[in-house]
Structure formats: structure tokens, C-alpha cells
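Scroll down for the structure; my scribbles are underneath it.
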Amino acid sequence: MHGTIIPGCPETYQSTQQSEQQQQFQSEHEQGQQSRYRQGDQHQKVRRVRQGDIVATPAGVAKWVYNDGDTPLVMVSLFDTSNNENQLDNNRRSFYLGGNPQQQRERQQGRSAYPSWGFEQDNSSNNIFSGFDDQMLAEAFGVSRDIARKLKGQNDNRGSIVRVESGLQVIRPPRMEEEEEEYQQERPNGLEEPLCNIKLRVNIDNPSKSDVYNPNAGRINRINSRNLPILRLLNLNAEKGVLYRGDARVQIVGNYQQPIYDGELHRGQLLVVPQNFAVVKKAGDNGFEWISFQTNDNAMSSTLAGRNSALRALPQEVLMNAFRISSEEARSLKYNREETEIFAPRSESQGRAIA
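Heads up: the sequence shown runs through residues 297 to 651, numbered per the working numbering.
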């Protein structure tokens, strides 16, 4: 489950009485205590996420994630510090509302430098409330000082990821209604969506929605501002390619005589490609699967080989004179590959697919 708290938007998920499941939960775990569901609850929308989902959130928006599945949840976060929404500097900053991520931050500081800001914090807690006075917090929320101290995460060593005992009880529509809502969101109505109802999630791992597909090589799925409009605000897009998993040899060539990178890329590694640099990826024996992010909501990629490529669009005579080749060689350059972006190997000795 994923919750995004957008400032100024109403709490559209509301409950005025206990459900049967909540009543059973109370009887088993809260006998003799006042139920936390007695007066009902209301909160902003909760979305379900699954493998392959891209979730986009604007700057300044609070969010939370809860894994209610039976397998580990692995998430990759991308922060674009060059976005116009960032009015500070190019250092990434995380503002935690809850928890005590002090230990996690200390591990990060071992790998990268954070600005000191010219003062020392003697508080072991690092959520956003930890810097405030207990009494100030108590008065602001209308609670006791004891609750204010808990809000600050004092003596809480769980970090930024905590284990929820007995499951998390939130208001959500039945699964069928969620799926129907997702289907409705996929059909644009021709109007700009208000921020409170804007689509924040789309799946990039659906083979049936591949933008490029080659049964002998693999597939590519792309997400941009056309199928996820909020990316216009973020100036980002995403691309996932599958050359049937594994690892790959990657070469990157820019405005130099030699490649700036020529090596093996394995699971868990990150490679940064500058704008307008050319890239070729050749899958290893176990195939190759990758995901890429570009700092534009509707980025355009120009291919150099294959159908719809730059070389294929050039007149044959231009190729002959530019590269000092014969007409037959020029035709080979233009027409020997009929695939688009993902190429199947010509023989077993040539390895796996190329993109």
C-alpha cells in the first residue's frame, strides 16, 4: 500500500463505524481499551502498488509505504535535485515526519558528504519534529508533553522502516473497486486532472503494453507524461527494457575518440549516461534486464541502427559519400536490420540480444 499526502486535498477515504474485521481485531487485541476505530477515521487516498509500478510524487508531498504482501518489497527512489522545485542546492535532503533514521543517516554519511550547516545537533532523533521544544509541540497539537516526546521519536531505535504488529488497518475500497478505478484512470477525459485526483502510479512491467517487442530478443516499456501526466511537473520519464534478464556488456560513446565506458554491467549497478551520448547494450549468456530514467517528461531517443534509425532515414548517396563506401555497402547499412531498437543475435556464437 502507498499513501501520498497532498497539501490542501480532502480526506476522501472515510469510515464512521467499525467494520466486522476491525471489531474482531479489537476484541482479540484491545479488550478493555477504547477502540481506535470507535469514532471512525478519515484520510487521503491509499493506493495499491505491485511489482513494476512507477510512482511519481511532487516535491513537498509526504508519503508512506506498507508491505502487506508475503514477499520482500524492493523500491528504487530517484531524486532529481536539478528540478525547478528545488530552491536550495544540489544536495539531496530527506525530511522525515516519523521514525528515527539517525543510524541510517550515519551510514549514508560514511559514503557521501552532508553540509554541516554550522551547528551541532545533540538530539539522537532525526525526524522533522525532533528539533522542536516539547511544550511547543504539545500546544500545537493539543496533546500532552508525553505524546509530543513520542512524536519526536525519542528513545526509538527502529530507524525509518518499522515492523507493524498485527497488521495495518486502513480504509480501502474492495479490490474490485480499486481495479475498476485504475481502468477508468487509463482512459483520459480530455481535461486537465486536478492535483488531488491526478494519477500517480502506472505499471512499467506489463508485457502486453510494450512499446517495442521482439520475440527473439526482448521488449521495452516506456512511461512518459502522455501516460502519466504528473511527469510534466517532475520533468522525468522512465524506460524498462528486458533482454531476458542477466547481465550485459555496455559501451557509451560521446564526443571523444574512445568510449567513455566499456565494461560489464551487473545486477544492482548504476550507470549514468550524459545527454546525446550513444549507448549499445549486448546481453550476456543469462540475458539482461534494466530500467532507465531520463530528466525530461517526454524525452526523445534517436536510434542509430535498425528500422526507423538515423542512418536508415539518410539517402543512400549521402551514406556512400560520408563513409566512403559502395552502394551495396550503403544498402547493407540501411536494410540489414529490420528490427526496431532490440536486435536478435545473428548466430549462437554472437551471444544474446542487442539494444
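Where a beta carbon is used, it is the ideal one built from N, C-alpha and C, also for glycine.
When the options are compared against residue i, the one with the closest alpha-carbon
{"i": "Arg-396", "options": "Lys-448, Val-345, Asn-363 and His-562", "result": "Residue 396 is actually Asn in this sequence, not Arg. Nearest C-alpha to Asn-396: Lys-448."}
{"i": "Asp-337", "options": "Ser-311, Gly-356 and Val-351", "result": "Ser-311"}
{"i": "Ile-424", "options": "Val-439, Pro-354 and Lys-446", "result": "Lys-446"}
{"i": "Thr-377", "options": "Arg-388, Val-370, Ala-352 and Leu-369", "result": "Arg-388"}
{"i": "Asp-366", "options": "Glu-381, Leu-384 and Gln-347", "result": "Gln-347"}
{"i": "Asp-349", "options": "Arg-633, Val-370 and Ser-622", "result": "Val-370"}
{"i": "Asp-364", "options": "Lys-495, Leu-464, Glu-637 and Ile-548", "result": "Leu-464"}
{"i": "Ser-462", "options": "Tyr-362, Gln-450, Val-351 and Glu-613", "result": "Tyr-362"}
{"i": "Gly-356", "options": "Tyr-392, Asn-533, Ile-467 and Val-345", "result": "Tyr-392"}
{"i": "Arg-563", "options": "Val-538, Val-569 and Phe-428", "result": "Val-538"}
{"i": "Glu-625", "options": "Gln-612, Thr-636 and Glu-637", "result": "Gln-612"}
{"i": "Ala-444", "options": "Leu-610, Ser-456, Ser-426 and Leu-374", "result": "Ser-426"}
{"i": "Asn-531", "options": "Arg-343, Asn-382, Tyr-309 and Val-372", "result": "Asn-382"}
{"i": "Gln-340", "options": "Lys-505, Glu-307, Thr-353 and Ala-352", "result": "Glu-307"}
{"i": "Val-569", "options": "Gly-583, Thr-591 and Ser-390", "result": "Thr-591"}
{"i": "Trp-360", "options": "Asn-379, Asn-380, Gly-394 and Asp-385", "result": "Gly-394"}
{"i": "Gly-304", "options": "Pro-368, Leu-491 and Val-439", "result": "Leu-491"}
{"i": "Val-576", "options": "Asn-499, Leu-615 and Gln-547", "result": "Gln-547"}
{"i": "Asn-572", "options": "Asn-380, Ala-595, Gly-583 and Glu-585", "result": "Ala-595"}
{"i": "Ala-358", "options": "Ser-390, Leu-433 and Asp-385", "result": "Ser-390"}
Endpoints, alpha helix (DSSP H) assigned at residue i
{"i": "Tyr-392", "result": "No alpha helix (DSSP H) holds Tyr-392; DSSP gives it neither H nor E."}
{"i": "Arg-608", "result": "606 to 609"}
{"i": "Glu-624", "result": "623 to 631"}
{"i": "Arg-445", "result": "441 to 447"}
{"i": "Phe-619", "result": "612 to 619"}
{"i": "Leu-384", "result": "Premise fails: Leu-384 is in no alpha helix (DSSP H) and is neither H nor E."}
Beta-carbon proximity of residue i to residue j, cut-off 8 Å
{"i": "Lys-536", "j": "Asn-523", "result": "no"}
{"i": "Ala-544", "j": "Gly-580", "result": "yes"}
{"i": "Ser-598", "j": "Ala-606", "result": "yes"}
{"i": "Ile-519", "j": "Ile-494", "result": "no"}
{"i": "Arg-441", "j": "Gln-450", "result": "no"}
{"i": "Ile-638", "j": "Val-508", "result": "yes"}
{"i": "Val-351", "j": "His-298", "result": "yes"}
{"i": "Arg-468", "j": "Val-345", "result": "no"}
{"i": "Pro-354", "j": "Leu-529", "result": "yes"}
{"i": "Ser-608", "j": "Lys-578", "result": "At residue 608 the sequence reads Arg, which differs from the Ser that was named. It is not a contact, given that the beta carbons lie outside the stated cut-off."}
Environment of residue i [buried if 16+ CB atoms lie within 10 Å]
{"i": "Ala-574", "result": "exposed"}
{"i": "Asn-617", "result": "exposed"}
{"i": "Asp-558", "result": "exposed"}
{"i": "Arg-515", "result": "buried"}
{"i": "Asp-593", "result": "buried"}
{"i": "Ile-302", "result": "buried"}
{"i": "Thr-300", "result": "buried"}
{"i": "Asn-502", "result": "exposed"}
{"i": "Ala-436", "result": "exposed"}
{"i": "Arg-497", "result": "buried"}
{"i": "Asn-422", "result": "buried"}
{"i": "Ser-622", "result": "exposed"}
{"i": "Gly-414", "result": "Because the pLDDT of Gly-414 is 36, which lies under 50, any placement of that residue in the model is unreliable, and the number read from its coordinates should be weighed accordingly. Label assigned to Gly-414: exposed."}
{"i": "Asn-533", "result": "buried"}
{"i": "Ser-521", "result": "buried"}
{"i": "Ser-412", "result": "Legend: pLDDT at Ser-412 = 38, less than 50; position of this residue unreliable, value from coordinates given subsequently. Per the 10 Å Cβ criterion, exposed."}
{"i": "Leu-567", "result": "exposed"}
{"i": "Leu-660", "result": "Absent from the structure is residue 660, since the part of the chain shown begins at 297 and ends at 651."}
{"i": "Phe-584", "result": "buried"}
{"i": "Leu-384", "result": "exposed"}
DSSP three-state assignment for residue i, whether helix, strand or coil
{"i": "Gly-356", "result": "coil"}
{"i": "Gly-427", "result": "helix"}
{"i": "Arg-332", "result": "At Arg-332, the pLDDT of 45 sits below 50, so the modelled position is not reliable; the number obtained from the coordinates is stated separately. Here Arg-332 sits in coil by DSSP."}
{"i": "Lys-341", "result": "coil"}
{"i": "Glu-634", "result": "coil"}
{"i": "Phe-375", "result": "coil"}
{"i": "Leu-539", "result": "strand"}
{"i": "Arg-563", "result": "coil"}
{"i": "Arg-346", "result": "coil"}
{"i": "Phe-589", "result": "strand"}
{"i": "Arg-528", "result": "helix"}
{"i": "Pro-411", "result": "Caution applies to Pro-411, whose pLDDT of 42 falls short of 50 and renders its modelled position unreliable; the value that the coordinates give is listed next. Coil."}
{"i": "Ser-504", "result": "helix"}
{"i": "Ala-534", "result": "strand"}
{"i": "Asn-493", "result": "helix"}
{"i": "Ala-640", "result": "coil"}
Start-to-end residues for the beta strand (DSSP E) that takes in residue i
{"i": "Ala-579", "result": "574 to 579"}
{"i": "Gly-514", "result": "514 to 519"}
{"i": "Ala-654", "result": "As displayed, the chain neither begins before 297 nor continues past 651, which places residue 654 out of reach and without an answer."}
{"i": "Val-498", "result": "497 to 499"}
{"i": "Ile-301", "result": "298 to 301"}
{"i": "Tyr-309", "result": "309 to 311"}
Min CB distance residue i to chain B below 8 Å
{"i": "Thr-367", "result": "In the structure shown, chain B cannot be found, because there is only a single protein chain."}
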